[in-house]
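Novice: Next up is a structure, given as structure tokens.
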Amino acid sequence: MHIIRKNFLALCRTLHVYLTMLGLLVMLLFGVTGFTVNHEDWFGATHPRVEDLEGTTPRELLTKGDALRIVEHVRTTWRVAGAMTDYDATDDRVSIAFKEPGQLWEVEVEKPSGRTKLHHETYNLAAFLNNLHRGRYAGPAWRWAIDVSALFIVLACGTGIVLWLALPRRRALGLIALAVGVLGTIGIVYVLVPGGDASVAKIPATASAP
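Numbering follows the numbering used here, with no gaps: position 165 of the sequence shown is 150.
What follows is the structure in structure tokens.
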């Protein structure tokens, strides 16, 4: 039993050290952006630089209705970046949207004339990092990175608790700190967060139904 315990603690120590170092950058990213997401106005993350452009899309592309070639023409001509998030074609116009963590494009093409209007919004670094934090417009690869990072963080926390509890002299202090942290978080959610107690909002007696 002693050997099993020793090997288990050695495994936890190895996982804790290497997972923490391996995921250090991502952990720092989520730690910093946890603050910047909560205070986006402070960092100018909600104020994009706006640019409106105009041009022409060849009518033969619009006549053929080849969505792929239309999209490629827009990308090549105006250097549009990001993943296409919307493509809507009607009898008289084509609307396309492209988004990535730091910018978005909205394109509208008039079929009869080929006239093309582009609305481009570029956001600062804080907004870019905030969108990475949320996994917004970053593609499936980044969503996988978030999942793996979450697993790293959970394992790092779990192995850290195990290693702390393995220290007899500090075990009691660690358990007290853990209890204070858990109860404090639950208390904040229950008492200070609106709806945290999951209670039904009370409707004033004078209020009437719509």
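Beta carbons are placed, not taken as given, at the ideal position from N, Cα and C, and that holds for glycine.
Quick caveat, the model's predicted, so the values are computed rather than measured.
By Cβ distance below 8 Å, which residues in the same chain neighbour Gly50 in space, the five residues on each side in sequence not counted?
Specialist: So the qualifying residues of the chain are Ala74.
Novice: Taking C-alpha atoms, which residue in Gly159, Thr101, Phe15 lies nearest to Leu47?
Specialist: Considering only alpha carbons, the answer is Thr101.
Novice: Scan the stretch 38 to 71 and note each continuous alpha helix (DSSP H) run of 4 residues or more that stays entirely inside, going in chain order.
Specialist: The qualifying runs are 44 to 49, 52 to 63.
Novice: Quick check: the Cα distance between Pro97 and Val56, rounded to an integer number of angstroms?
Specialist: Distance between the alpha carbons of Pro97 and Val56 is about 17 Å.
Novice: If you draw a straight line from the alpha carbon of Arg196 to that of Asn115, how long is it in whole angstroms?
Specialist: A query on residue 196 cannot be resolved here, the shown segment of the chain reaching from -14 to 195 and no further.
Novice: Say whether the stretch 125 to 139 touches the stretch 104 to 112, bearing in mind that this needs 3 or more beta-carbon pairs closer than 8 Å, one atom from each stretch.
Specialist: In short, these stretches do not touch, since the Cβ pair count stays below three.
Novice: What are the uninterrupted segments assigned as beta strand (DSSP E) that are 3 or more residues long and contained completely in the stretch 107 to 154, given in chain order?
Specialist: None, since the stretch 107 to 154 contains no complete beta strand (DSSP E) of that length.
Novice: Taking only three categories from DSSP, how would you classify Val94?
Specialist: It is a strand residue.
Novice: Below 8 Å on the Cβ atoms is my guess for Pro86 versus Ala123; work out the distance and round it to an integer in Å.
Specialist: The pair is a contact, with the Cβ atoms about 5 Å apart (cut-off 8 Å).
Novice: Return yes when the Cβ of Thr170 is within less than 8 Å of the Cβ of Gly99, no when it is not.
Specialist: No. Outside cutoff.
Novice: Taking the C-alpha atoms as reference points, what is the distance between Leu(-6) and Cys142?
Specialist: Going from the Cα of Leu(-6) to the Cα of Cys142 covers about 14 Å.
Novice: Relative to the alpha-carbon of Arg119, which residue among Leu9, Met6, Val22, Tyr3 has its alpha-carbon at the smallest distance?
Specialist: When only C-alpha atoms are compared, the closest one is Val22.
Novice: If you follow the alpha helix (DSSP H) that Val178 is in, where does it begin and where does it stop?
Specialist: It is not in any alpha helix (DSSP H) - Val178 carries neither H nor E in the DSSP assignment.
Novice: Measure the C-alpha to C-alpha separation of Asn(-8) and Val139 and round it to an integer number of angstroms.
Specialist: If you take the alpha carbons of Asn(-8) and Val139, they lie about 21 Å apart.
Novice: Spatial neighbours of Arg(-2) within its chain, please: CB distance less than 7 Å, with the 5 preceding and 5 following residues excluded, ordered by chain position.
Specialist: Cβ neighbours of Arg(-2) beyond the five flanking positions: Leu148.
Novice: If you measure between the beta carbons of Val65 and Trp90, is that distance less than 8 Å?
Specialist: Their beta carbons are under 8 Å apart, which means Val65 touches Trp90 by this criterion.
Novice: Between the alpha carbons of Glu95 and Phe83, how many angstroms are there, rounded?
Specialist: Whole-angstrom Cα-Cα distance: 18 Å.
Novice: When DSSP labels each residue in this structure, what does Thr101 get in the three-state scheme?
Specialist: In this structure, Thr101 counts as strand in the three-state DSSP scheme.
Novice: What number of angstroms, rounded off, separates the C-alpha of Gly180 from the C-alpha of Leu168?
Specialist: So the alpha carbons of these two residues sit roughly 18 Å apart.
Novice: On the CB-based measure, 16 or more other CB atoms within 10 Å of its CB, does Thr31 come out buried or exposed?
Specialist: Classification of Thr31: exposed, given that the 10 Å Cβ count is below 16.
Novice: Would you report the Cα separation of Leu9 and Leu0, rounded to the nearest angstrom?
Specialist: Straight-line Cα distance between these residues: approximately 13 Å.
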